[in-house]
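Undergrad:
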Amino acid sequence: MKGLKIAVLVKQVTDTRETVEATVGADGTIDRNALPAICNPDDLNALEQALRIKDRIDGSQVILISMGPQRAEEVLRDGIYRGADEGILLSDRRFAGADTMATSYALAMAARRISPDLILAGRQSIDGDTAHVGPQTALWLGWPQVTYAEQVTPCEDGSIEIRRVSDDETEVVRTTLPAVVTVGGSGAAECRPSNVRRILEYKKQPVTVWTADDLGGDTSRYGLGGSPTQVVESRTIVAGHKDTEWVASDENSLSEFVARLVESHIVE
Amino acid sequence: MIFCQTRDGALSEVGLELLTKGRRLAAETGGELEALIIGGRTAHLAEEAFRYGAAKVFCAEDERLKDYLTLPYVRIAKHVVEAEQPDIFLAGATSVGRDMAPRLAAELGCGLTADCTALELGDCSYRGNEYKGVLKCIRPSFVANQLTTIISPSTRPQMATIREGVMAKEPLGKPVQGKCIMVDTTALLKKEDFAVSIIEKTARERGVDLKSAKVIVAGGYGMGSAENFEVLFRLAEMLGGEVGATRAAIDAGYVGGYERMIGQTGITVRPKLYIACGISGQVQHTVGMDKSACIISINCDADAPIHRIADYAIVGDAVKTVEHMIALIKNNRR
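Heads up: the sequence lines are chains A and B, in that order. Per this note's numbering, the very first residue in the first sequence carries number 3; after that it's consecutive. Per this note's numbering, the very first residue in the second sequence carries number 415; after that it's consecutive.
1) Using a Cβ-Cβ cut-off of less than 8 Å, list which residues of the region 597 to 627 of chain B approach chain A; keep chain order.
2) Under 8 Å by Cβ, that's how I've got E88 (chain A) and T616 (chain B) pegged, so tell me the actual separation to the nearest angstrom.
3) Kindly say whether S639 (chain B), judged by its beta-carbon, lies nearer than 9 Å to any beta-carbon of chain A.
4) Return the CA-CA distance between K7 (chain A) and E651 (chain B), expressed in angstroms with no decimal places.
5) Quick check on L485 (chain B) - is its C-beta less than 9 Å from some C-beta in chain A?
6) Against chain A, with Cβ distances strictly below 9 Å, would H493 (chain B) count as a contact?
7) Short of 8 Å Cβ to Cβ, which residues in the region 201 to 226 of chain A face chain B?
8) Check whether the Cβ atoms of V631 (chain B) and C691 (chain B) sit closer than 9 Å, and answer yes or no.
9) When DSSP labels each residue in this structure, what does T105 (chain A) get in the three-state scheme?
10) In chain order, what residues of the same chain have a beta carbon less than 6 Å from the beta carbon of V548 (chain B), not counting five sequence neighbours either side?
11) Give me the chain B residues within the contact set of I55 (chain A), using Cβ-Cβ distance strictly less than 8 Å, ordered along the chain.
12) Determine, for Y150 (chain A), whether the minimum Cβ-Cβ distance to residues of chain B falls below 9 Å.
13) With C-beta atoms as the reference, is T531 (chain B) less than 9 Å away from V234 (chain A)?
14) How about A191 (chain A): is its C-beta nearer than 9 Å to some C-beta of chain B?
15) Taking the CB atoms as reference points, tell me whether L649 (chain B) and I740 (chain B) lie closer together than 9 Å.
16) My output table needs one value for R82 (chain A): the three-state DSSP class, helix, strand or coil.
17) So, does the CB of S106 (chain A) fall closer than 9 Å to a CB anywhere in chain B?
18) I'd like the span of the beta strand (DSSP E) that includes N543 (chain B), first residue to last.
19) Check M637 (chain B) in the structure and name its three-state DSSP category.
20) Residues of chain B with a CB under 9 Å from the CB of G187 (chain A): which are they?
21) Do you know how far the Cα of V701 (chain B) is from the Cα of E462 (chain B)?
22) What number of angstroms, rounded off, separates the C-alpha of P571 (chain B) from the C-alpha of A100 (chain A)?
23) Can you check which of these residues, B:N713, B:K470 and B:I712, is closest to V590 (chain B) by C-alpha distance?
24) Using the Cα positions of E544 (chain B) and T569 (chain B), report the straight-line distance between them to the nearest angstrom.
25) S555 (chain B) touches chain A at which residues, Cβ-Cβ below 7 Å?
26) Assuming G633 (chain B) and A663 (chain B) make a contact with CB atoms under 8 Å, what is their CB distance in whole Å?
27) Can the beta-carbon of P230 (chain A) be found closer than 9 Å to that of G525 (chain B)?
28) Can you give me, in chain order, the residues of the region 89 to 117 of chain A that have a beta carbon less than 9 Å from any beta carbon in chain B?
29) Alpha carbon to alpha carbon, how far is L271 (chain A) from R722 (chain B)?
30) With a threshold of 9 Å between beta-carbons, can A140 (chain A) be considered close to chain B, or not?
31) Do you know how far the Cα of L439 (chain B) is from the Cα of E584 (chain B)?
32) Verify the CB distance criterion: does E253 (chain A) have a CB-CB separation below 9 Å to chain B?
33) By DSSP, does M3 (chain A) sit in helix, in strand, or in coil?
34) Going along the chain, which residues of the region 682 to 704 of chain B sit with their C-beta nearer than 7 Å to a C-beta in chain A?
35) With distance defined between alpha-carbon atoms, name the residue in B:A505, B:E446, B:L425 and B:N746 nearest to S266 (chain A).
36) How many angstroms separate the CA atom of Q560 (chain B) from the CA atom of A718 (chain B)?
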């Protein structure tokens with residue numbers, strides 16, 4: 003089988019799963035600076051699928067693409083330590099304020115420069131949670147898309163077979179290449195850890211940075227200007243619309259409480 | 415315009431919920447409600463959409479569309495949207511809607527807001543611009559305990575996907591005398607739209623049915639371990655209920671299976687009784703359960719936000735308290 007050139011889209015996110023009391027302010031908002039910045043979990047699942055293809059087919063190549071500020075190169079380096087061949091960071095003030103539409107446009111323009119056979123991406127990010135970027139990148143490139151994939155397997159005839167999960171079913175689908183596939187979910191294999199030898203080898207190698215000028219395309223589609231959605235308000239939810247009854251956890255109070263629950267048929 | 419997904423040859427629940435919401439939005443603006451149904455056989459489903467107030471129902475039926483496929487579905491939706499130019503386009507935030515809507519939005523150059531839990535029409539000022547009668551799409555944001563309002567004021571249609579179960583579905587007493595318009599799929603669809611083919615399809619075991627559970631005992635990260643989760647299963651079994659969990663608890667491996675996940679990226683439930691154990695009450699979780707009829711919260715942190723939305727709040731160790739409750743319920747039943 004001929005080696006595949008695979009681009010993997012990765013995003014640096016704040017690890018909101020690590021939210022503990024210490025990081026939540028009195029108003030209920032999270033202190034994001036107190037949380038670690040990590041590679042989005044689903045993106046690591048996508049990387050693992052790419053690396054498995056590389057293991058299987060000689061001559062395959064895995065290229066990471068991320069958009070973000072300079073420090074997002076951490077996730078590219080992390081991916082290289084795990085086995086990716088190179089990383090490209092799209093970083094430019096003109097990309098700032100991008101919603102999923104403008105982000106996917108920049109990613110698609112970068113992919114066009116690399117012309118991969120296959121793009122793998124995480125199903126969704128834990129900070130935005132939209133699951134838009136994969137399908138929208140596919141649209142800009144005019145490629146087919148397969149979402150909610152757990153496993154990606156190249157076939158002899160040059161197509162790929164994908165196991166995916168929908169709300170009600172598990173499907174096996176086949177698509178021609180090039181295509182965009184988003185990976186994630188509990189059935190997707192975890193990503194292999196960093197390799198010590200690779201850390202030593204690539205620690206000092208700089209990652210490639212591309213700006214809007216490098217990407218070309220329609221520059222009005224980048225950043226805030228290319229973003230049709232606008233966040234107009236973020237409001238902290240102040241709960242407390244209910245008259246909460248406080249129940250003490252000692253023996254007697256609990257006993258009296260449970261008796262009341264049973265009596266009022268809340269518990270049957 | 416509402417994209418009504420089909421499920422087992424009928425309109426899906428979320429489609430009916432969105433038709434109900436769409437009918438109200440249309441009434442507010444003096445507009446009209448339209449539905450789009452795509453599938454193997456769909457013409458007979460128009461009646462159901464009329465019962466929910468759709469004045470125009472676009473039906474695309476084609477044997478090749480029996481199962482959802484991104485490219486032909488997006489092609490058809492784009493065609494109908496461009497012809498009808500609706501102000502608003504809504505789809506369910508299901509695995510189908512979340513696959514189709516983003517591609518359609520980019521195809522149309524329109525703004526899309528994912529996973530909304532509320533929709534409102536209203537005026538908005540933003541960066542010195544005034545927008546009249548725009549669709550405010552409200553969704554829980556990644557910063558915990560925040561609700562974010564997103565608008566797409568300059569592009570039409572304004573698009574959103576909406577969580578299943580958050581809007582109530584209500585048929586009309588009398589169906590509207592609507593029009594059913596068939597879409598010519600033969601003329602529209604191209605060979606390359608079938609680049610992806612389904613080889614095999616198996617229904618997933620739905621062992622856990624949180625949606626119809628009357629009682630849900632849910633655990634969060636605060637439960638601390640898989641062993642501690644066992645006590646929740648005992649209580650749930652005793653009450654004839656199911657065990658649910660927060661994303662943090664599932665990610666931590668305390669309980670298996672995302673089918674138990676309640677909240678923003680999981681499912682939305684409205685049981686008669688919801689017992690939240692070791693759950694702090696981040697908005698990502700509470701949007702999926704705050705409409706429960708009765709909420710009991712058990713958390714050792716008196717300041718945990720979950721207590722504020724609870725009917726009964728118990729400040730205490732979740733494992734010990736639940737064990738205690740199990741014993742007490744047993745006694746009360748005797």
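Ideal placement from N, C-alpha and C gives every residue a C-beta, glycine not left out.
TA: Based on what the coordinates show:
1) A609, V610, S611, I612, I613, E614, K615, T616, A617, R618 and R620
2) If you number the first sequence from 1, residue 88 (chain A) lands on position 86. If you number the second sequence from 1, residue 616 (chain B) lands on position 202. Rounded, the Cβ-Cβ distance is 38 Å, inconsistent with contact.
3) Here residue 639 (chain B) refers to the residue found at position 225 of the second sequence. No - not a single Cβ of chain A is within 9 Å of the one on S639 (chain B).
4) For this step, residue 7 (chain A) is matched to residue 5 along the first sequence. For this step, residue 651 (chain B) is matched to residue 237 along the second sequence. Distance between the alpha carbons of K7 (chain A) and E651 (chain B) is about 51 Å.
5) Residue mapping note: residue 485 (chain B) aligns to position 71 of the second sequence, counting from 1. Closer than 9 Å: yes.
6) Position 79 of the second sequence holds residue 493 (chain B). Not an interface residue.
7) none
8) Your numbering for residue 631 (chain B) matches position 217 in the second sequence. Your numbering for residue 691 (chain B) matches position 277 in the second sequence. Yes; because the gap between Cβ atoms is below 9 Å, this pair is in contact.
9) Walking along the first sequence from the start, residue 105 (chain A) turns up at place 103. Reduced to three states, the DSSP call for T105 (chain A) is helix.
10) On the second sequence, position 134 is the one that residue 548 (chain B) refers to. For V548 (chain B), where only same-chain residues beyond five positions count, the Cβ hits under 6 Å are C538, I565 and P567.
11) As a working mapping, residue 55 (chain A) is identified with position 53 in the first sequence. Near I55 (chain A) there are no residues of chain B at all, since even the closest Cβ is about 18 Å away, more than 8 Å.
12) Position 148 of the first sequence, counting from 1, holds the residue named residue 150 (chain A). Answer yes: the Cβ-Cβ gap between Y150 (chain A) and chain B drops below 9 Å somewhere.
13) Position 117 of the second sequence, counting from 1, holds the residue named residue 531 (chain B). Position 232 of the first sequence, counting from 1, holds the residue named residue 234 (chain A). No. Outside cutoff.
14) Reading the first sequence from its first residue, position 189 is the one you call residue 191 (chain A). No, A191 (chain A) lies away from the interface with chain B (no Cβ there is under 9 Å from its Cβ).
15) Mapped onto the second sequence, residue 649 (chain B) falls at position 235. Mapped onto the second sequence, residue 740 (chain B) falls at position 326. Going by C-beta atoms, L649 (chain B) is nearer than 9 Å to I740 (chain B).
16) Along the first sequence, read from residue 1 onward, the residue named residue 82 (chain A) stands at position 80. In the sequence on display, residue 82 (chain A) carries Ile and not Arg. Of the three classes helix, strand and coil, the one that applies to I82 (chain A) here is helix, per DSSP.
17) Mapped onto the first sequence, residue 106 (chain A) falls at position 104. Interface residue, yes.
18) To locate residue 543 (chain B), count along the second sequence from 1; it is residue 129. From DSSP, the beta strand (DSSP E) with N543 (chain B) extends over N543 to P554.
19) What you label residue 637 (chain B) is simply residue 223 of the second sequence in a count that begins at 1. Note: M637 (chain B) maps to helix in three-state DSSP.
20) Along the first sequence, one-based indexing puts residue 187 (chain A) at 185. By Cβ distance, chain B contributes Y672.
21) Taking the first residue of the second sequence as position 1, residue 462 (chain B) is located at position 48. Taking the first residue of the second sequence as position 1, residue 701 (chain B) is located at position 287. Going from the Cα of E462 (chain B) to the Cα of V701 (chain B) covers about 29 Å.
22) For this step, residue 571 (chain B) is matched to residue 157 along the second sequence. For this step, residue 100 (chain A) is matched to residue 98 along the first sequence. Whole-angstrom Cα-Cα distance: 20 Å.
23) In the second sequence, residue 590 (chain B) corresponds to position 176, counting from 1. Closest by alpha carbon: B:K470.
24) Numbered from 1 along the second sequence, position 130 holds the residue referred to as residue 544 (chain B). Numbered from 1 along the second sequence, position 155 holds the residue referred to as residue 569 (chain B). Roughly 15 Å between the two C-alpha positions.
25) Counting from 1 along the second sequence, the entry for residue 555 (chain B) is found at position 141. The contacting residues are S236.
26) Sequence index remark: in the second sequence, residue 633 (chain B) carries index 219 (1-based). Sequence index remark: in the second sequence, residue 663 (chain B) carries index 249 (1-based). With 8 Å as the limit, G633 (chain B) and A663 (chain B) qualify as a contact, their Cβ atoms being about 5 Å apart.
27) Working through the first sequence from its first residue, we reach residue 230 (chain A) at position 228. Working through the second sequence from its first residue, we reach residue 525 (chain B) at position 111. Their beta carbons are under 9 Å apart, which means P230 (chain A) touches G525 (chain B) by this criterion.
28) D101, T102, M103, S106 and Y107
29) Summary: the structure shown does not reach residue 271 (chain A), with chain A confined to residues 3 through 270, and so no result is reported for it.
30) If you number the first sequence from 1, residue 140 (chain A) lands on position 138. It does: the Cβ of A140 (chain A) has a partner Cβ on chain B nearer than 9 Å.
31) The residue labelled residue 584 (chain B) in the question sits at position 170 within the second sequence. The residue labelled residue 439 (chain B) in the question sits at position 25 within the second sequence. Between E584 (chain B) and L439 (chain B), the C-alpha separation is close to 14 Å.
32) For the purposes of this step, residue 253 (chain A) is taken as residue 251 along the first sequence, with counting starting at 1. By this cut-off, E253 (chain A) is an interface position.
33) Locating residue 3 (chain A) in the first sequence gives position 1, where the first residue counts as 1. M3 (chain A) falls in the coil class under three-state DSSP.
34) L687, Q696 and V697
35) By 1-based counting over the first sequence, the position of residue 266 (chain A) is 264. It is B:N746.
36) Position 146 of the second sequence holds residue 560 (chain B). Position 304 of the second sequence holds residue 718 (chain B). Cα-Cα distance, rounded: 15 Å.
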